[in-house]
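Peer 1:
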Amino acid sequence: MTDVARFEAFVREYQHLVFATAVRLLGSAAEAEDVSQTVFLKAFERFDEIGGSPSAPGWLKTVTTHLCLNHLTRYRARWQFFSELERDDEGEGSFAENIAAPETAPPTQTEARIARLESALRALPDHQRVPIALFHFDGRSYEEIASLLGVSLGKVKTDIHRGRLALKKVLDVVD
Amino acid sequence: MSWTDLEQRVDRELKAMPQPEAPSTLVPNVMRAVAAAAAAAPSPWYSRAWLTWPRMAQAASLAFVLLAAIAAWREVPAAWAWAMGEASAAITMPAWLSSLADFGALVLALARVPWQILQPIASYYGLLALAASLVMVTSWYAFNRLNAGGVSFR
Chain A
88 MTDVARFEAF
98 VREYQHLVFA
108 TAVRLLGSAA
118 EAEDVSQTVF
128 LKAFERFDEI
138 GGSPSAPGWL
148 KTVTTHLCLN
158 HLTRYRARWQ
168 FFSELERDDE
178 GEGSFAENIA
188 APETAPPTQT
198 EARIARLESA
208 LRALPDHQRV
218 PIALFHFDGR
228 SYEEIASLLG
238 VSLGKVKTDI
248 HRGRLALKKV
258 LDVVD
Chain B
5 MSWTDLEQRV
15 DRELKAMPQP
25 EAPSTLVPNV
35 MRAVAAAAAA
45 APSPWYSRAW
55 LTWPRMAQAA
65 SLAFVLLAAI
75 AAWREVPAAW
85 AWAMGEASAA
95 ITMPAWLSSL
105 ADFGALVLAL
115 ARVPWQILQP
125 IASYYGLLAL
135 AASLVMVTSW
145 YAFNRLNAGG
155 VSFR
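So the sequence lines, in the order shown, correspond to chains A and B. Each position in the first sequence, counted from 1, maps to that position plus 87 in this note's numbering. Each position in the second sequence, counted from 1, maps to that position plus 4 in this note's numbering.
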């Protein structure tokens with residue numbers, strides 16, 4: 088098997104892991120795809136080291152997380168500025184009702200519930216979604232998240248709590 | 005609902021969600037980008053910019069330069085003096101060559117005079133430049149932190 092074929096198999100094996108990590112941090116499938124592509128390009132540069140390594144998934148997750156945080160920090164300046172100018176309903180009460188229903192109606196109630204929760208997660212503001220994803224999907228502690236994001240422990244706990252409350256409201260509406 | 009109950013409930017719900025699947029375009033896009041990158045950069049690492057070298061090569065080259073600088077600073081004058089001493093002891097130089105060597109020594113001694121004068125000042129300015137660089141780097145970092153734009157986790 089050539090190096091390129093080995094690398095393609097590697098990408099196929101880990102594409103969902105990388106994409107899922109990215110989309111849950113970024114909340115946007117298009118941006119997550121871009122970041123995933125960058126992650127795999129970095130992996131290709133170091134494929135000799137990580138190709139057959141058991142630590143490859145961990146390396147990919149770490150690189151994905153850092154690239155996503157960089158992406159959020161650097162490339163959303165204008166977007167965030169204007170979206171915050173236009174945002175006139177900061178009340179969390181409207182969050183559950185504002186979550187868009189999935190584009191294609193899922194056949195079962197469970198799938199509809201999952202799709203609604205996924206939409207709700209993606210619709211959370213970055214400062215709530217990111218620590219929630221790091222806590223619940225990456226299994227990081229509050230302290231690790233505070234250190235990673237460069238914010239206080241209290242801020243992380245507050246943001247995560249508010250995010251959880253917003254998700255709970257969505258779940259209550261769905262249930 | 006208490007903090008712990010809420011944490012457990014959300015944790016349970018989120019972990020029950022299936023992993024989002026990558027779009028079918030991801031693999032072909034990655035392979036296309038990899039092919040383009042491979043075609044664009046066929047050169048070996050040592051012919052690329054130093055910043056793109058492997059970490060080990062960067063460390064080794066830095067260590068080599070540092071050692072070479074230290075050796076040049078500390079050992080070359082001593083080695084030169086030793087070699088000159090050995091040479092003068094072993095070889096009976098003709099008078100004209102001896103006077104030429106004396107002249108060379110005089111030129112070297114004269115060339116060292118400005119350095120002897122400037123050395124304390126140069127050291128001072130060197131330290132000043134280092135301090136200024138540190139201040140600039142710190143300011144740049146602080147500015148970026150304050151004015152990073154995008155999402156603020158603060």
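C-beta atoms are modelled at their ideal positions from N, C-alpha and C, and glycine is treated no differently.
#1: For V110(A), go through chain B and note every residue whose CB falls closer than 8 Å to its CB, in chain order.
#2: State yes or no: is the beta carbon of M21(B) nearer than 9 Å to at least one beta carbon in chain A?
#3: From this set, K244(A), A116(A), T160(A), which residue's C-alpha is nearest Q215(A)'s C-alpha?
#4: How many Å lie between D106(B) and L66(B) at the Cα?
#5: So, helix, strand or coil for L221(A), using DSSP?
#6: Comparing the C-beta of E120(A) with each C-beta of chain B, is any distance below 9 Å?
#7: To the nearest angstrom, report how far apart A99(B) and G108(B) are at their CA atoms.
#8: My output table needs one value for E25(B): the three-state DSSP class, helix, strand or coil.
#9: Any residues in the stretch 29-41 of chain B with a beta carbon nearer than 9 Å to a beta carbon of chain A? Which ones, in chain order?
#10: Under 9 Å between C-beta atoms, does K148(A) make it to chain B?
#11: Let me make sure I understand the geometry here. Which of E205(A), L159(A), L154(A) has the alpha-carbon closest to that of K129(A)?
#12: Would you report the Cα separation of D121(A) and Y129(B), rounded to the nearest angstrom?
#13: Enumerated in chain order, which unbroken segments of the alpha helix (DSSP H) with a length of 4 residues or greater are wholly contained in the stretch 203-256 of chain A?
#14: Note down, in chain order, each residue of its chain lying with its Cβ closer than 7 Å to the Cβ of L172(A), except the 5 sequence neighbours on either side.
Peer 2: Answer, in terms of the structure:
#1: Along the first sequence, one-based indexing puts residue 110(A) at 23. Near V110(A) (Cβ distances below 8 Å), the residues of chain B are P24.
#2: Taking the second sequence and counting its residues from 1, the one referred to as residue 21(B) is at position 17. Yes, M21(B) counts as interfacial toward chain A.
#3: If you number the first sequence from 1, residue 215(A) lands on position 128. Nearest of K244(A), A116(A), T160(A) to Q215(A), Cα basis: K244(A).
#4: Walking along the second sequence from the start, residue 106(B) turns up at place 102. Walking along the second sequence from the start, residue 66(B) turns up at place 62. In a straight line, the C-alpha of D106(B) is about 38 Å away from that of L66(B).
#5: As a position in the first sequence, residue 221(A) is number 134, starting the count at 1. If DSSP states are grouped into helix, strand and coil, L221(A) belongs with the helices.
#6: Working through the first sequence from its first residue, we reach residue 120(A) at position 33. Chain B, which has a Cβ nearer than 9 Å to the Cβ of E120(A), makes this yes.
#7: As a working mapping, residue 99(B) is identified with position 95 in the second sequence. As a working mapping, residue 108(B) is identified with position 104 in the second sequence. Computed Cα separation, rounded: 14 Å.
#8: On the second sequence, residue 25(B) is found 21 positions in, with the first residue counted as 1. Coil at E25(B), not helix or strand.
#9: T29, L30, V31, N33, V34, M35, A37, V38, A39, A41
#10: Translated into positions along the first sequence, residue 148(A) becomes position 61. No, no contact with chain B.
#11: Within the first sequence, the letter at position 42 stands for residue 129(A). When only C-alpha atoms are compared, the closest one is L154(A).
#12: Sequence index remark: in the first sequence, residue 121(A) carries index 34 (1-based). Sequence index remark: in the second sequence, residue 129(B) carries index 125 (1-based). So the alpha carbons of these two residues sit roughly 47 Å apart.
#13: 213-223, 229-236
#14: Here residue 172(A) refers to the residue found at position 85 when the first sequence is read from its first residue. Because the pLDDT at L172(A) is just 47, under 50, the model does not fix this residue reliably, and the value given afterwards should be weighed accordingly. Hits under 7 Å: none found.
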